[in-house]
Amino acid sequence: MWIRGHGGHDSSPCSYQHSNTSCVSQSCSLGCQGLFHLMVSSAAEATTAFRQGWARRTGAVSNYGLTSNHSSIITHFNLQVVSPSPVRCWLKIVDLPGAENLTENLWGGSLREKPLLKKSLVAFYWVVNQLAVLFYFPHSDSKLTQLLEEALARNSKTRVIFCLSPTLDSRHLAAVLKTYIALSQVKNFPVLNDYFVESLLTQYWARILALQHRLYEHMDLRSAMESESISTLREQVQCLTNENMQMQDRNERLYTKLGELQEKMGKLAGSKTDLSSRLVFSEEEKLKISKDLIDLQIETNKMREQYEAENFELKNMILTLENHILELELHDEKVTGEHDALQERLHTVETNRKELADEYIILKSNYMALGKEHEQEVAKNEELSIELLNLVNTRSSIPQSWSNYSPSQALANETLAELERVQAVVHRLSARKVKPEDIVASEHERRKLERHLLGNQDHIKAEIEKMKQTYDSQQQKLEQRVVAMGKELQQSKRVIRNTQHKLVEQSVVLLTSQSQLKEVEVENSQLQLQLKELNEEYRCRLTQYIKDLAEYMDSKSNASKVPNKVPADHAYMKRFVDGMLKDIRAAHKSREEQLAGAVRGYKTRMQNLVKRHENLLIAYRMQREQIQSQGSSEMDPGPPEFHFTITDSELLTSTTQELNQLREDKAKLETQLHERQEKKRLSESSALGPSLHHKLDEEGWAEIRKQLREFTHTTQEDLEKERSQLLTQAIVAEEQVLELQEYVDKHLARYKQEILRLRKLVGSEAPRAFSAGASDTHLMQRSKRTISHEL
């Protein structure tokens, strides 16, 4: 149930009963409308009924808006346990919004001024403060206090929770804390959850109500007449109150109309000021857009510089990688040639070694055979020597025997036999001689010598295999390194393309911003033209107003019959008009001087900026020349100084333009020199390995030509894009300069015409003044001050 204003509405009229536990809705006997009981059989039905009631409460609307914003919510849970001694327990949850409005001056203001408080909040505040002092206090001032009587004064288990807002005012916080203290001091009693005791209390309260009813019946008989008079007075008071409310509403409507009229008058009077503020706002917007455009240009220049630096670094990296690849290819070719030469040499050495081994084996076998024959010959010679010695001794003894003995036939035969024996031995020994070229070692001895001499051949083959594996691993590493460098080259190209895309996007954004700036400038020029037209109209109206004022003064002076004061008033009127025109001329002159001073200051600042830029270019050129003179490849000297020159022709003199032209020529010559040096270096590096050009296949040359074509194409695209951007910027800058020049010429011509017109007007008119009273003089001074202020 929610309480709105001073009435009650049911938001959750449900009761739940299951098994021996039941939950019954709060029965209201306080006159609350719309309350009814609904029996449910399950928790789901109870939840559905509660949600329906909550939806009705959320969508309900009162005279002050939605009731969900300023209504008190009371949720009552009643638990009944069916047992031999029945016990009843209940829980009541109360949400009281607007507690921060519990200020101490609740009774001072009317309830109409505080629609969120109402009578229920006031009664609650009063009952709480009284219960903090007394044991019992009536709760009949409000439906809210009547519903909370059992919770406030008869239940010691009641707990109050205050939810404070983070941005609560100190005055409201003090009131909330005071209410909290008062609630903590309330004297209440224990809960009665026994039905017998509760029935006794119910009978007691019913008896009290019956006695009160009897008392009211006796009082009604005596106060019948008084009630009629009181009702009449109440009706009169109600009528007067209604009339007062109607008058207040009418007064409020009149005040509202008056405020609207004053607002319209203020708008009519401040139309020029509004237009000026709009013009100022458009100027501010133009300045903001210009600032954003300048920031965008600065960022674009930074990105362009970064892109150029990255491009330069990537180009250097590409050239370095290409040179490194060429060097690796040359080294690979050199190593391959050396490997082939070493293989051929090794094959020759192996052949020679085998031939020498064969020759050595033959010589060794011959030597051994010759050694054996030599030993045999030595033994033979020794044997022959012994035989010869024996023969010599025999022969030497023969003459003596011949001299001592006579020859006999037996001795002769013996001697001949001995000689034959010696001849046979000699013949046998001579027959056993073998020539050296016919001596050949046996096959077994030859194999033995081969195994002995060629025992290290397996070791040599293992060493050769190791050398081949080392060469293959080095070759594979070189190929992997070449592949990795190729991937790095592709990544570098991809990064360059991404940077180019980003630069193109920034260029598109820049062109869009420039078009927006142009549109804003066109709108600004239109507003300035409107302002000029309104100024013209305002001046015409002002002139007509002065004429009407003069005619009015003339007619008034003619109507007044005081001839002695006419010359003085005439002189005063003339002085007034002359002073007003003088103020106008002074205002125009001060404005022209202000604009001229601003232009001179702007030119001075731009000249100083150009001088500082020239000094920076000189310092940059000197530093760049120092870096180039050192000849170090580690330090990048940066782009030529021509890239940082100012291209605006209005800020440059003829000498500066000639210097820029010379700088451009110098940058071109430096570029050509750098290209020639690169070509020379590449030619020198290619001259180191002439065999490379003969051994590269057609696919390698096609890949190199493709990479060169891609590099040339991308470089040419970058140059074309940069050239188109520069041309676009130059065209836009020229258009802006022409528009500004046209704007300055047009407005200067208008200012001159306006000055001439005012001078003619001052020279041709003969202002007059007539007599007037003190009030008219005060009116003239006031109008003069107003006109001067508007001018």
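The opening residue of the sequence shown carries number 1358 in the numbering used here; numbering runs sequentially from there. Beta carbons: idealized from backbone N, C-alpha and C, even for Gly.
Inter-residue spacing [alpha-carbon to alpha-carbon] between residue i and residue j
i: Glu1890; j: Gln1883; result: 10 Å
i: Val1877; j: Thr1613; result: 39 Å
i: Leu1745; j: Ile1719; result: 37 Å
i: Lys1844; j: Asn1668; result: 17 Å
i: Asp1649; j: Asp1526; result: 43 Å
i: Lys1330; j: Gln1832; result: Nothing about residue 1330 can be reported from this structure: the residues present for the chain run from 1358 to 2148 only.
i: Phe1434; j: Leu1566; result: 27 Å
i: Arg2038; j: His1681; result: 13 Å
i: Val1956; j: Leu1899; result: 31 Å
i: Arg1942; j: Arg1981; result: 58 Å
i: Asp1367; j: Thr1404; result: Legend: pLDDT at Asp1367 = 47, less than 50; position of this residue unreliable, value from coordinates given subsequently. Taking the straight line joining both Cα atoms gives about 15 Å.
i: His1529; j: Gly1616; result: 33 Å
i: Leu1611; j: Arg2116; result: 50 Å
i: Glu1950; j: Gln1885; result: 19 Å
i: Phe1407; j: Phe1481; result: 26 Å
i: Gln2138; j: Ser1872; result: Low confidence applies to Gln2138: its pLDDT is 43, below 50, so where it sits in the model is not reliable enough to give any reading.
i: Lys2078; j: His1688; result: 41 Å
i: Leu1355; j: Arg1607; result: Residue 1355 lies beyond the stretch modelled for the chain, which goes from 1358 to 2148, so this question has no answer here.
i: Ala1400; j: Leu1505; result: 26 Å
i: Val1517; j: Glu1585; result: 45 Å
i: Ala2193; j: Gln1595; result: Limits of the chain in this structure are 1358 at one end and 2148 at the other, which puts residue 2193 out of reach.
i: Tyr1561; j: Ile1538; result: 32 Å
i: Pro1997; j: Gln2086; result: 21 Å
i: Gln1826; j: Val1852; result: 39 Å
i: Met1963; j: His1970; result: 10 Å
i: Glu1620; j: Leu1488; result: 53 Å
i: Lys2063; j: Leu1676; result: 15 Å
i: Ser1477; j: Leu1521; result: 21 Å
i: Trp1483; j: Val1543; result: 12 Å
Residue i burial status per 10 Å Cβ neighbour count (16 or more: buried)
i: Ile1587; result: exposed
i: Thr1301; result: Summary: the structure shown does not reach residue 1301, with the chain confined to residues 1358 through 2148, and so no result is reported for it.
i: Val1533; result: buried
i: Thr2002; result: buried
i: Ser2011; result: exposed
i: Gln2193; result: The question about residue 2193 has no answer, for the chain in this structure spans 1358 to 2148.
i: Pro1523; result: exposed
i: Lys1500; result: buried
i: Ser1376; result: Because the pLDDT at Ser1376 is just 33, under 50, the model does not fix this residue reliably, and the value given afterwards should be weighed accordingly. Exposed, because fewer than 16 other Cβ atoms sit within 10 Å of the Cβ of Ser1376.
i: His1704; result: exposed
i: Thr1536; result: buried
i: Leu1450; result: Correcting the residue type first, residue 1450 is Ile in the shown sequence and not Leu. The residue in question, Ile1450, is exposed, as its Cβ has fewer than 16 Cβ neighbours within 10 Å.
i: Gly1954; result: exposed
i: Gly1410; result: buried
i: His1496; result: buried
i: Ser2006; result: exposed
i: Arg2033; result: exposed
For residue i, the nearest candidate out of the options (CA to CA)
i: Ser1428; options: Leu1448, Asn1435 and Asp1452; result: Asp1452
i: Glu1640; options: Thr1677, Val1879 and Leu1448; result: Val1879
i: Trp1447; options: His2000, Thr1515, His1496 and Gln1871; result: Thr1515
i: Leu1509; options: Phe1494, Thr1559 and Trp1562; result: Phe1494
i: Leu1748; options: Ala1774, Met1725 and Tyr1724; result: Ala1774
i: Leu2118; options: Lys1449, Gln1983 and Arg1896; result: Arg1896
i: Ser1541; options: Val1490, Lys2023, Glu1617 and Arg1854; result: Val1490
i: Ile1821; options: Leu1699, Asp1715 and Arg1710; result: Leu1699
i: Ser1849; options: Glu1670, Lys2063, Thr2085 and Val1735; result: Glu1670
i: Thr1657; options: Thr1693, Leu1478 and Glu1862; result: Glu1862
i: Glu1679; options: Lys2036, Asp2075, Glu2092 and Glu2099; result: Lys2036
i: Pro1994; options: Ala1666, His1570 and Val1735; result: Ala1666
i: His1858; options: Thr2071, Glu2027, Glu1690 and Lys1729; result: Thr2071
i: Asn2017; options: Gln1985, Val1967 and Gln1987; result: Val1967
i: Arg2020; options: Glu1739, Asn1965 and Phe1999; result: Phe1999
C-beta neighbour in chain C for residue i, strict 8 Å
i: Phe1999; result: Judged by its chain identifiers, the structure shown contains no chain C, having just a single protein chain.
heavy atom of the ligand HEM below 7 Å from residue i C-beta
i: Ala1944; result: The ligand HEM is not part of the structure shown, which contains no ligands of any sort.
Given 8 Å, three or more beta-carbon pairs between the segment 1939-1954 and the segment 2103-2118: yes
Inter-stretch contact at 8 Å, needing at least 3 Cβ pairs: the segment 1709-1724 / the segment 1833-1843: no
The segment 1861-1878 / the segment 1653-1671 touching (three or more Cβ pairs under 8 Å): yes
Complete runs of the alpha helix (DSSP H) confined to the segment 1807-1892 [at least 4 residues]: none
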